[in-house]
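Undergrad:
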């Protein structure tokens, strides 16, 4: 049975960059997101390099759909890698009614979605005593800002979930890693501001942000550590950024 790397949030940003990085190194991929057209476009691009790419549109907040996804994958592949990159920052700003109503959705995607994916694919990894899960956190898991209450709560929760789960897996060869990016030039800012998803030109930032490809390369480095080595938690940020240390 083939081995596959599963990436959520693969339709854009860090998830898409991770897919490209893994494909360039010959990994078979399963791309997961809600935007089917974007997934199919990325899959076509990556298949041109000769790798196997499957696409599964799925809402990671839907536990039933995620369990069905895991059951489907189990019929043709072993989940070797799971990168939970799905997330958003809607509701960013002062606690006004229009934003407050978006808060539960932020936690659902950023925290519950990752929990659903881990809960669905971890049993198979434990049975095989092999696998690597990378959860994409945020520097807002290490501190808070006034406008990011729900987002920070979701990322603090993801950090606690990952670190607690690592303790529960003591003695297992299943590895768990947590990556905390600082500012990254993705669609995050436009979506958080309630605008159409789009990247902001780097030159319009007050300082040079990280690129999604740089975060993906870092995640790739984590995945390529020797089996006895686990990078438990790693912070990556632009050199000019000084939030939370």
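Residue numbers (full-length UniProt numbering): 1 to 245. For glycine and all other residues, C-beta sits at the position ideal for the given N, C-alpha and C.
#1: For residue 79, which option in 92, 31, 90 and 49 has the closest C-alpha, if you only look at C-alpha atoms?
#2: Pick out the complete alpha helix (DSSP H) segments inside the segment 55 to 111, 4 residues or longer, and give them in chain order.
#3: Exposed or buried, which one is residue 209 when buried takes at least 16 other CB atoms within 10 Å?
#4: If I measure Cβ to Cβ from residue 36 and keep anything under 6 Å in the same chain, skipping five residues before and after, which residues do I get?
#5: What is the DSSP secondary structure of residue 28, reduced to helix, strand or coil?
#6: Quick one: grab the DSSP three-state call for residue 146.
#7: Near residue 17, what residues of its chain come up, given a Cβ to Cβ distance below 6 Å and the 5 sequence neighbours on each side ignored?
#8: Ordered along the chain, which non-local residues of its own chain (more than five positions away) have a Cβ less than 7 Å from that of residue 219?
#9: In or out: residue 64 buried (at least 16 other Cβ within 10 Å) or exposed?
#10: Going by other Cβ atoms of all chains shown within 10 Å of its Cβ, with 16 needed for buried, is residue 71 buried or exposed?
#11: With C-beta atoms as the reference, is residue 156 less than 8 Å away from residue 141?
#12: Taking a contact to mean a Cβ-Cβ separation below 8 Å, would you say residue 14 touches residue 144 in this structure?
#13: By DSSP's criteria, residue 233 is part of a beta bridge. Which residues make up the other side?
#14: For residue 96 and residue 152, I'd like the C-alpha separation in whole angstroms.
#15: Can you say whether residue 163 is buried or exposed, counting buried as having 16 or more other CB atoms within 10 angstroms of its CB?
#16: Relative to the ligand PLP, is the shortest distance from any of its heavy atoms to the C-beta of residue 232 smaller than 7 Å?
TA: Once the coordinates are examined:
#1: It is 31 whose Cα lies nearest to the Cα of residue 79.
#2: The qualifying runs are 63 to 74, 97 to 100 and 103 to 107.
#3: Using a 10 angstroms sphere on the CB of residue 209, the tally of other CB atoms reaches 16 or more, which defines it as buried.
#4: For residue 36, where only same-chain residues beyond five positions count, the Cβ hits under 6 Å are 57.
#5: Residue 28: coil per DSSP, three-state reduction.
#6: The three-state reading of DSSP puts residue 146 in helix, counting H, G and I together.
#7: Apart from sequence neighbours up to five positions away, the residues of its chain that approach residue 17 with a beta-carbon distance below 6 Å are 212, 213 and 216, ordered along the chain.
#8: Within the same chain, residue 219 has close Cβ partners 18, 83, 134 and 179.
#9: Exposed, by the Cβ-count rule.
#10: It counts as exposed.
#11: Closer than 8 Å, so yes.
#12: No, Cβ-Cβ distance for residue 14 and residue 144 is not below 8 Å.
#13: Secondary-structure assignment with DSSP links residue 233 through a beta bridge to 178.
#14: For the pair residue 96 and residue 152, the Cα-to-Cα distance works out to about 17 Å.
#15: With fewer than 16 neighbouring CB atoms inside 10 Å of its own CB, residue 163 falls in the exposed class.
#16: With respect to the ligand PLP, the structure offers nothing, as it holds no ligand at all.
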